[in-house]
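Going by UniProt numbering, the first residue of the sequence shown is number 1, and it counts up by one from there.
Virtual Cβ for every residue (Gly too), placed ideally from N, Cα, C.
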Amino acid sequence: MVSDSLPALPFSFDSALPPPPRKREAGVSEKFSISNVLSSKGTTSMRPGYHSLLPTSRRSPQKLRGLAFASPTAAAAAMKTLFSLCVALTLLLILARLASSVASLALLRHQRPMDSLFPASTLTPWKGFNILINTWKRNDLLLKSVQHYSKCAGVDSIHIVWSEPNPPSNSLHDAVNQAVHLNSKGSNNIEIIFDLNHEDSLNNRFKEIMDLKSDAIFSIDDDVILPCKSLEFAFSVWRSAPTTMVGFVPRMHWLDKSNSSLEHYFYGGWWSVWWKGTYSMVLSKAAFFHKKYLRLYTKTMPKSVRDYVTKNRNCEDIAMAFLVANETGAPPIWVKGKIIEMGSSGISSMGSHNERRTKCLDDFASVYGHMPLVSTNVKAIDSRSTWLW
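This is the structure we're talking about:
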């Protein structure tokens, strides 16, 4: 028997019949509850396990409040996890910086001492650099190039490699001189010179130039524009490694592993470098190198290489890359920078360009008796202009 003093349950798990309704006491209004709703709708039973989800007493809100106050523990755990992730990310960034530093030290150790390449008497302080512009029947692009680079800091002189049969016109002379005069900053008087050549050869761009004001040469094509900030940064990189080439256009030589009996190489263009992250050359269409390599190219490099360049009208930049790598035993340095190419009608636009460059690699390696090019994965990035470096 159940005592009349005990409150009746709103439902029963033992019977399918609904319990009798409770009598409402006089003067007391019935409060809204889930039990009342269930009773009024004639609910007869509840599936096992569901009853624990329903608040059946006044202690349920207290339990919910207890769960709410327990959330700081979960928040503390989340904060610990976030802190651990931040520490891990910081360690990864530090390790990346250390790896970059180790790679730079290895690169510098791999290079021959500068004194062994250039006697101390031939070295001059790093005052500025000379720009060497190679041009061919594109006076409009040449003028734009001169107008731009004459605004950059550190430019001592601009030499224009002229290989056309007719000398430059007086109007072109006046235009480039006026551009240099208007754009020269401060007391820096940039010297502008046309280097005239009677023979049409790509070797002309690397002829020795006497009486240069400084040691650094920046070789550039007439249709290539680089921001002055990128140019100045590349010059600072070159000063840290003046025996090697420092440039913006990387390329790679790939060994053909399918033929083990004879070494054969493939020329890897930009997409090859982008995909693999490896390069062994920086092209002279936008690169720094020491002025002494002009003399070595003309007087020391095998004559058969120069004859090859003249005959095939190609690969003078690969020939310079071979020369520098053979002298230093070190790879070049690729500098990150934005390049604007104003023209696309040069030799590189020909359909058989890569095939001809591949043949150059094999032929030059045969002349040298080995492959002097050294591959690397090092890339110089100006940390002032990027968040992650």
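Closest to residue i by C-alpha separation, out of the options, would be which residue?
| i | options | result |
| --- | --- | --- |
| F129 | V155, L141, W136 | V155 |
| S240 | A76, P332, T376, K80 | P332 |
| E263 | S184, K359, D215 | K359 |
| D140 | D363, V161, L172, A319 | L172 |
| D215 | H353, D362, A175, F235 | F235 |
| S352 | G269, N326, D195 | G269 |
State the Cα-Cα distance for the pair residue i and residue j, rounded to the nearest angstrom.
| i | j | result |
| --- | --- | --- |
| A68 | A74 | Unreliable positioning characterises A68 in this predicted model, as indicated by a pLDDT of 46, which lies under 50. A coordinate reading is not provided. |
| M245 | P168 | 30 Å |
| L53 | A78 | Because L53 sits at a pLDDT of 42, beneath the cut-off of 50, its placement in the model cannot be relied upon, and the following sentence gives the value as read from the coordinates. Approximately 28 Å between the Cα atoms of the pair. |
| S230 | I220 | 14 Å |
| D307 | F289 | 22 Å |
| V378 | Y149 | 27 Å |
| L255 | V146 | 39 Å |
| residue 390 | R357 | Coverage of the chain is limited to positions 1 through 389, which leaves residue 390 absent and any answer about it impossible. |
| V324 | P372 | 9 Å |
| L93 | D317 | 36 Å |
| G369 | N259 | 18 Å |
| K257 | W275 | 19 Å |
| S84 | T328 | 46 Å |
| D382 | W238 | 13 Å |
| R205 | S163 | 9 Å |
| E341 | K80 | 51 Å |
Which first and last residues belong to the beta strand (DSSP E) in which residue i is found?
| i | result |
| --- | --- |
| D195 | 191-196 |
| A330 | From DSSP, A330 is part of no beta strand (DSSP E); its letter is neither H nor E. |
| D221 | 216-221 |
| L262 | No beta strand (DSSP E) holds L262; DSSP gives it neither H nor E. |
| A287 | 286-290 |
Measure the beta-carbon distance from residue i to residue j and round it to whole angstroms, keeping in mind my assumption that it falls under 8 Å.
| i | j | result |
| --- | --- | --- |
| A380 | K336 | 7 Å |
| E199 | T298 | At roughly 13 Å, the Cβ-Cβ gap does not stay under 8 Å, so E199 and T298 are not in contact. |
| L132 | I217 | 6 Å |
| A287 | C228 | Not quite, the Cβ-Cβ distance comes to about 16 Å (not below 8 Å), so this is no contact. |
| V309 | N203 | 5 Å |
| A179 | L143 | 7 Å |
| A319 | V305 | 5 Å |
Taking 7 Å as the cut-off, decide whether the C-beta atoms of residue i and residue j are in contact.
| i | j | result |
| --- | --- | --- |
| V224 | K285 | yes |
| P250 | V282 | yes |
| R138 | D211 | no |
| V161 | N183 | no |
Between which two residues does the alpha helix (DSSP H) holding residue i run?
| i | result |
| --- | --- |
| L182 | 170-183 |
| T358 | 353-368 |
Does any CB atom of chain D fall closer than 7 Å to the CB of residue i?
| i | result |
| --- | --- |
| M79 | Included in the structure is just one protein chain, with no chain D present. |
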